[in-house]
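Just below is one structure, and these are the notes that go with it.
Number of protein chains: 2
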Amino acid sequence: MSKPTPLSGFPEWLPPQRAIEQYVVDRIRSTFELYGFAPLETRAVEPLDQLLRKGETSKEVYVLRRLQAAAEDASDESLGLHFDLTVPFARYVLENAGKLTFPFRRYQIQKVWRGERPQEGRYREFLQADIDIVDRDTLPFHYEAEIPLVIGDALSALPIPKVRIQVNNRKVCEGFYRGLGLTDPEAALRAVDKLDKIGPDKVAELLTETAGATESQAKACLRLAEISAPDTSFESAVRALGVEHPLLDEGLAELVLVMQAAAEHAPGLCVAELKIARGLDYYTGTVYETQLVGFERFGSICSGGRYDNLASAGNERFPGVGISIGVSRLLGLLFGADALSVSRPVPTCVLVALPTDEQRAACDRTAAVLRRRGIATEVSPSAAKYGKQIRFAERRGIPYVWFPGSDGAQDTVKDIRSGTQIDADPMTWTPPAADLRQQITRP
Amino acid sequence: MSKPTPLSGFPEWLPPQRAIEQYVVDRIRSTFELYGFAPLETRAVEPLDQLLRKGETSKEVYVLRRLQAAAEDASDESLGLHFDLTVPFARYVLENAGKLTFPFRRYQIQKVWRGERPQEGRYREFLQADIDIVDRDTLPFHYEAEIPLVIGDALSALPIPKVRIQVNNRKVCEGFYRGLGLTDPEAALRAVDKLDKIGPDKVAELLTETAGATESQAKACLRLAEISAPDTSFESAVRALGVEHPLLDEGLAELVLVMQAAAEHAPGLCVAELKIARGLDYYTGTVYETQLVGFERFGSICSGGRYDNLASAGNERFPGVGISIGVSRLLGLLFGADALSVSRPVPTCVLVALPTDEQRAACDRTAAVLRRRGIATEVSPSAAKYGKQIRFAERRGIPYVWFPGSDGAQDTVKDIRSGTQIDADPMTWTPPAADLRQQITRP
Numbered sequence: 001m002s003k004p005t006p007l008s009g010f011p012e013w014l015p016p017q018r019a020i021e022q023y024v025v026d027r028i029r030s031t032f033e034l035y036g037f038a039p040l041e042t043r044a045v046e047p048l049d050q051l052l053r054k055g056e057t058s059k060e061v062y063v064l065r066r067l068q069a070a071a072e073d074a075s076d077e078s079l080g081l082h083f084d085l086t087v088p089f090a091r092y093v094l095e096n097a098g099k100l101t102f103p104f105r106r107y108q109i110q111k112v113w114r115g116e117r118p119q120e121g122r123y124r125e126f127l128q129a130d131i132d133i134v135d136r137d138t139l140p141f142h143y144e145a146e147i148p149l150v151i152g153d154a155l156s157a158l159p160i161p162k163v164r165i166q167v168n169n170r171k172v173c174e175g176f177y178r179g180l181g182l183t184d185p186e187a188a189l190r191a192v193d194k195l196d197k198i199g200p201d202k203v204a205e206l207l208t209e210t211a212g213a214t215e216s217q218a219k220a221c222l223r224l225a226e227i228s229a230p231d232t233s234f235e236s237a238v239r240a241l242g243v244e245h246p247l248l249d250e251g252l253a254e255l256v257l258v259m260q261a262a263a264e265h266a267p268g269l270c271v272a273e274l275k276i277a278r279g280l281d282y283y284t285g286t287v288y289e290t291q292l293v294g295f296e297r298f299g300s301i302c303s304g305g306r307y308d309n310l311a312s313a314g315n316e317r318f319p320g321v322g323i324s325i326g327v328s329r330l331l332g333l334l335f336g337a338d339a340l341s342v343s344r345p346v347p348t349c350v351l352v353a354l355p356t357d358e359q360r361a362a363c364d365r366t367a368a369v370l371r372r373r374g375i376a377t378e379v380s381p382s383a384a385k386y387g388k389q390i391r392f393a394e395r396r397g398i399p400y401v402w403f404p405g406s407d408g409a410q411d412t413v414k415d416i417r418s419g420t421q422i423d424a425d426p427m428t429w430t431p432p433a434a435d436l437r438q439q440i441t442r443p
Numbered sequence: 444m445s446k447p448t449p450l451s452g453f454p455e456w457l458p459p460q461r462a463i464e465q466y467v468v469d470r471i472r473s474t475f476e477l478y479g480f481a482p483l484e485t486r487a488v489e490p491l492d493q494l495l496r497k498g499e500t501s502k503e504v505y506v507l508r509r510l511q512a513a514a515e516d517a518s519d520e521s522l523g524l525h526f527d528l529t530v531p532f533a534r535y536v537l538e539n540a541g542k543l544t545f546p547f548r549r550y551q552i553q554k555v556w557r558g559e560r561p562q563e564g565r566y567r568e569f570l571q572a573d574i575d576i577v578d579r580d581t582l583p584f585h586y587e588a589e590i591p592l593v594i595g596d597a598l599s600a601l602p603i604p605k606v607r608i609q610v611n612n613r614k615v616c617e618g619f620y621r622g623l624g625l626t627d628p629e630a631a632l633r634a635v636d637k638l639d640k641i642g643p644d645k646v647a648e649l650l651t652e653t654a655g656a657t658e659s660q661a662k663a664c665l666r667l668a669e670i671s672a673p674d675t676s677f678e679s680a681v682r683a684l685g686v687e688h689p690l691l692d693e694g695l696a697e698l699v700l701v702m703q704a705a706a707e708h709a710p711g712l713c714v715a716e717l718k719i720a721r722g723l724d725y726y727t728g729t730v731y732e733t734q735l736v737g738f739e740r741f742g743s744i745c746s747g748g749r750y751d752n753l754a755s756a757g758n759e760r761f762p763g764v765g766i767s768i769g770v771s772r773l774l775g776l777l778f779g780a781d782a783l784s785v786s787r788p789v790p791t792c793v794l795v796a797l798p799t800d801e802q803r804a805a806c807d808r809t810a811a812v813l814r815r816r817g818i819a820t821e822v823s824p825s826a827a828k829y830g831k832q833i834r835f836a837e838r839r840g841i842p843y844v845w846f847p848g849s850d851g852a853q854d855t856v857k858d859i860r861s862g863t864q865i866d867a868d869p870m871t872w873t874p875p876a877a878d879l880r881q882q883i884t885r886p
């Protein structure tokens with residue numbers, strides 16, 4: 001076999017990066033569980049008609065085909081890989097509604113696949129970490145205020161730059177547009193959603209062309225989108241534009257509550273950013289995007305919102321609120337910026353040196369004692385000269401080498417970074433907490 | 444959308460089962476890391492020619508096709524989903540050999556896909572947990588003795604039936620067959636591999652037909668396959684058959700060492716079972732299969748062995764030893780036998796009751812304090828009557844309900860299983876260790 005080359009869009013990490021990813025996923029999971037979200041996984045495939053239900057062919061679905069499908073068995077013929085975790089979750093909720101307890105809180109951390117053109121931070125296979133709270137028929141509003149707190153806790157527990165969650169409320173936009181007299185608020189929203197990409201002049205044109213706005217209506221839409229506040233002062237800024245509509249009132253009241261909850265729980269976490277629209281028609285209340293402070297150019301690394309209809313079957317309807325952390329995207333960008341590092345590439349804390357091949361059983365015993373006490377340990381691959389064994393530990397990044405005492409003498413352990421060597425008993429010796437496990441840090 | 448139905452062969456767990464799976468994977472990982480295996484993940488797809496390299500079309504590879512591939516971009520046209528974790532690992536090692544430190548110890552816990560006919564414990568999408576140790580050019584034998592110890596520790600840490608690892612050594616079989624005068628030892632091995640399926644008479648016929656054995660040679664092969672020992676006594680049993688060959692000597696010496704290491708580390712874990720062949724030509728030394736005691740009918744839930752050539756490019760060769768736990772298979776079978784249960788379906792330990800809607804902020808503060816102390820907490824969805832809020836906790840399986848004290852009185856916490864209610868401060872109250880997290884047990 002000739003040396004293989006990477007596949008564009010299918011990132012694979014080297015062991016140190018994978019250690020960081022594993023750590024990040026573990027911390028995220030742990031925060032999600034502290035908030036009572038239960039772990040869930042769905043299969044990687046969905047029926048093609050489900051994947052294409054909303055006409056989302058732009059996600060470039062990967063379709064499966066069996067290499068040797070028997071003619072009589074076409075069961076796999078119409079399956080595709082999921083392109084997000086929302087479509088499978090909706091299907092799962094419908095399929096298992098009778099066995100779930102509502103409001104149902106679940107987290108789901110899985111790979112998804114999209115056959116898009118690969119570029120920086122945009123992959124064909126990537127890891128997402130989603131939380132959603134869904135209920136039957138109605139979902140209390142307060143869950144919309146809870147989601148940013150979960151994400152704030154999850155991301156601030158990581159050694160990554162500070163995050164800023166940008167929140168808005170669809171009702172504010174829709175109420176405002178309707179109050180202005182626009183009759184197609186969704187078209188207006190789609191135009192405003194392009195603000196960062198095409199600038200205000202082009203958005204004004206789009207508003208006129210696609211949402212039937214007059215020049216002054218377009219200007220008002222743009223003034224709304226300019227409003228940004230780290231507190232509840234956005235409310236008076238909106239009021240000052242002089243537009244009135246009951247839906248606007250409702251949206252403003254909700255956005256105030258979200259901002260108040262965030263201010264109490266995590267000052268500085270949230271900012272009300274009235275240009276945030278989110279592409280999909282799907283959302284009906286609060287919407288979220290998340291920036292890394294200092295890395296705003298990366299775009300949103302965590303987005304979501306409130307929806308009224310995750311899924312429905314017959315008379316049943318499942319409203320909910322959810323958000324998705326783009327784990328691969330976040331890590332790929334931070335790796336690219338050399339913004340994360342790991343103290344050592346391997347989990348191993350101790351290498352037990354091997355004086356002679358005959359002593360392997362005894363060295364294995366020492367290793368077993370250390371492992372039972374939670375200390376990751378390997379035994380040296382061979383009874384080479386000690387200098388060579390120490391270099392082996394150095395090359396792997398293992399901080400401690402354990403030397404069995406000869407002729408009944410006490411064992412010793414050497415910190416090969418400092419050279420300090422002390423007497424030690426595997427039953428009692430404990431490394432400093434910082435050395436016990438791999439540490440993830442910002443360089 | 445009408446109610447969706449499950450896809451045969453693509454198992455999905457309900458939240459309690461998923462909690463068990465998560466726990467099992469975490470424990471396995473933690474043992475692997477204690478032995479110094481580094482986490483690794485590879486992409487889900489491989490070039491089709493890699494997947495079909497060994498003519499393994501019987502694995503029923505799933506091929507990918509993009510729904511809307513641009514004519515000029517055929518880059519995804521020849522990709523398939525991996526059917527195991529060995530093919531991707533071999534490719535990864537070749538691709539990154541210059542950046543890895545050898546011997547390279549990695550674990551990899553990922554889904555794999557095979558379009559086989561689904562049946563009990565056999566899926567089209569399933570989770571595997573693999574470890575491998577690979578080196579450049581040569582790999583010391585002692586790693587073959589280490590693998591069963593890792594698996595013994597990993598599986599005995601789980602609340603599953605006791606496991607028994609069946610070990611054999613390919614050199615014993617090949618040396619024995621050659622010593623007998625058989626010239627196609629691989630054909631003989633393939634015949635003996637069918638022993639449990641088709642019985643000794645049919646195997647004898649096969650040996651005659653496909654491996655050119657005489658009746659007495661076939662009988663000798665069967666007598667070798669009958670040998671089974673919980674200790675090193677298999678050696679004299681083999682010697683008693685009177686066959687001699689240098690490769691047989693080498694194999695017996697190695698198998699003795701594997702059994703001795705296992706007996707010292709974990710008495711009763713391993714049994715020398717000379718009928719164990721493993722299907723693939725790939726293996727060259729020790730081979731492993733693993734049974735659940737009392738559930739032998741499940742077949743092997745963890746298999747692997749020593750191989751001389753994981754991958755090679757030019758002059759480079761990567762020998763190694765590895766083993767794979769069939770996690771989905773193991774869990775599917777145990778779930779089917781009702782052999783595993785979880786203390787509660789959700790991570791949540793405490794539900795903070797809500798006296799009035801106005802007190803939600805205060806209740807959120809209590810929840811935040813408990814979470815900061817590692818106690819998974821939710822706040823009640825609504826300020827319903829306390830009876831209803833308690834029933835909500837009961838339905839979700841949450842063991843404790845926290846009642847905010849009114850008018851400056853002390854908060855209380857109630858164990859809703861026993862009814863015991865005590866004064867409590869969120870800064871200091873701690874649940875019993877058994878209630879802090881979900882407990883996985885055998886019923």
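Chains A and B are the protein sequences, given in the same order.
Under this note's numbering, the residue at position 370 of the first sequence is numbered 370, and the numbers go up by one with no gaps.
All you need for this note's numbering is the position in the second sequence, starting with 1, plus 443.
Where a beta carbon is used, it is the ideal one built from N, C-alpha and C, also for glycine.
On a predicted model such as this, the values are computed, not experimentally measured, just so you know.
Q: Find out if the Cβ-Cβ distance for the pair A/V342, A/P16 is shorter than 8 Å.
A: yes
Q: Using a Cβ-Cβ cut-off of less than 8 Å, give me the residues of the stretch 770-794 of chain B that come near chain A, in sequence order.
A: P788, V789, P790, T791
(Q) Here's the rule: buried if 16 or more other CB atoms are within 10 angstroms of the residue's CB, otherwise exposed. What is B/N612? (A) buried
Q. Hey, which unbroken runs of the alpha helix (DSSP H) at 4 residues or more fall wholly within the stretch 762-797 of chain B?
A. 770-779
(Q) Within 10 Å of its beta-carbon, does A/E144 have 16 or more other beta-carbons around it, so buried, or fewer, so exposed? (A) buried
Q: State the DSSP-derived secondary structure class of B/I594, mapped to helix, strand or coil.
A: helix
Q: State the DSSP-derived secondary structure class of A/N96, mapped to helix, strand or coil.
A: helix
Q.
Using only the alpha-carbon positions, how far apart do A/T31 and B/A696 sit?
A. 51 Å
Q.
Less than 7 Å between C-beta atoms, sequence neighbours within five positions excluded: which residues of the same chain meet that for B/A481?
A. R548, R549
(Q) Please list, in chain order, the chain A residues whose beta carbon lies closer than 8 Å to that of B/Y505. (A) L64, R65, R66, L67, D76
Q.
Helix, strand or coil, according to DSSP, for B/F846 in the structure here?
A. strand
Q.
At the 8 Å Cβ level, is A/A71 part of the contact set with chain B, yes or no?
A. Residue placement at A/A71 is flagged as unreliable, the pLDDT there being 49, under the threshold of 50; the coordinate-derived value follows with that caveat. Not one chain B Cβ lies under 8 Å of A/A71.
Q | When A/V112, A/S2, A/A154, A/R372 are compared against B/A811, the one with the closest alpha-carbon | A | A/A154
Q) Quick one: which chain B residues come within Cβ less than 7 Å of A/F10? A) R486, V488
Q) Tell me, which residues are paired with B/C806 by DSSP? A) Bridge partners of B/C806: none, in fact.
Q. Grouping DSSP H, G and I as helix and E and B as strand, with all else coil, what is A/A71?
A. Residue placement at A/A71 cannot be trusted, given a pLDDT of 49 that sits under 50; the coordinates are not used to answer.
Q) Using DSSP with H/G/I as helix, E/B as strand and the rest coil, what is A/F83? A) coil
Q: Under 8 Å Cβ to Cβ from B/E678, same chain only, skipping five residues before and after it: list those, please.
A: L695, L698, V699
Q. Would a C-beta distance cut-off of 8 Å place B/Q571 and B/G769 closer than the cut-off?
A. yes
Q. Between which two residues does the beta strand (DSSP E) containing A/P47 stretch?
A. 45-47
Q | Assigned exposure category for A/S156 - 16 Cβ within 10 Å defines buried | A | exposed
(Q) By the three-class DSSP mapping on this structure, what secondary structure does A/T208 have? (A) helix
**Q.** Within the stretch 452-477 of chain B, ranges of the alpha helix (DSSP H) (whole runs, at least 4 residues)
**A.** 458-477
Q: Starting from the Cα of A/G305, find the closest Cα among A/I323, A/N315, A/A313, A/E296 and give me that residue.
A: A/I323
Q.
Can you tell me whether B/G685 is helix, strand or coil according to DSSP?
A. coil
Q. Is there a Cβ from chain A that is less than 8 Å from the Cβ of B/N539?
A. yes
Q) Is the CB of A/Y92 under 8 Å away from at least one CB in chain B? A) yes
Q) Helix or strand or just coil, what does DSSP make of B/R613? A) helix
Q) In or out: A/L292 buried (at least 16 other Cβ within 10 Å) or exposed? A) buried
Q. Just how far apart, CA to CA, sit A/I416 and A/P399?
A. 6 Å
Q. When you compare only the Cα positions, how much space is there between A/A71 and B/L495?
A. Bear in mind that a pLDDT of 49 at A/A71, under 50, signals an unreliable position, so the model cannot answer this.
(Q) Are there any heavy atoms of the ligand SAH lying less than 7 Å away from the beta-carbon of B/I883, as far as the coordinates show? (A) As presented, the structure is devoid of all ligands, the ligand SAH included, so that no description of it is given.
**Q.** N- and C-terminal bounds of the alpha helix (DSSP H) containing A/A129
**A.** Looking at the DSSP string, A/A129 is not in any alpha helix (DSSP H); the run it does join, the beta strand (DSSP E), is 125-134.
Q | Residues within the stretch 820-852 of chain B neighbouring chain A, beta-carbon criterion of under 9 Å | A | T820, E821, V822, P824, S825, F835, R838, R839, G840, I841
Q) Would DSSP call B/F545 helix, strand or coil? A) coil
**Q.** Exposed unless 16 or more other CB atoms sit within 10 angstroms - verdict on B/G848
**A.** exposed
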